[in-house]
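All residue numbers for the sequence shown refer to the numbering used here, where the first residue is 775 and numbers rise by one.
No residue lacks a Cβ here, since even glycine has one placed at the ideal position from N, Cα and C.
Reviewing the structure listed below.
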Amino acid sequence: MTSDNLAGRLLVATPAMEGSIFDRTVVLMLEHEDDGSLGIVLNRPTAVDVREVLPPWAELTAQPGVVFQGGPVALDSALGVAVAPGSGGP
């Protein structure tokens, strides 16, 4: 990964982002390519329980078990952040 590729890194909003869609957000960058990027906002929980909108995912969730608002793009889709069994993850 070059210093210009942000994949795998966290982007933390600075005070200059106040009032924008990214105000006080932490974004995990999943992809960062010349033709586009994909990131997921990690710190915007909603009051919506995962069981309400993604019932098959409910048994896989950890606390708080709610849907997180991911960002201003592709609002009709969902991404899950998971730890693979046996990975020794967090």
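C-alpha distance - E792 paired with L828, whole-angstrom precision
Going by the C-alpha atoms only, they are around 32 Å apart.
Name the one or two DSSP bridge partners that P819 has.
DSSP lists F842 as the beta-bridge partner residues of P819.
Ends of the beta strand (DSSP E) at V800?
Residues V800 to E807.
For V855, which of helix, strand or coil comes out of DSSP?
Three-state result, V855: coil.
Range of the contiguous beta strand (DSSP E) that encloses V786
L784 to V786 is the extent of the beta strand (DSSP E) around V786.
Spatial distance of W831 from V855 (CA atoms):
For W831 and V855, the distance between alpha carbons rounds to 11 Å.
Helix, strand or coil at L849 according to DSSP, with G and I counted as helix:
DSSP, reduced to helix, strand and coil, places L849 outside both helices and strands of the structure shown, so it counts as coil.
Can you list, in chain order, the residues of its chain whose CB lies under 6 Å from that of H806, leaving out five sequence neighbours each side?
Counting only Cβ-Cβ distances below 6 Å, and skipping sequence neighbours, we find N779, L780 and A781.
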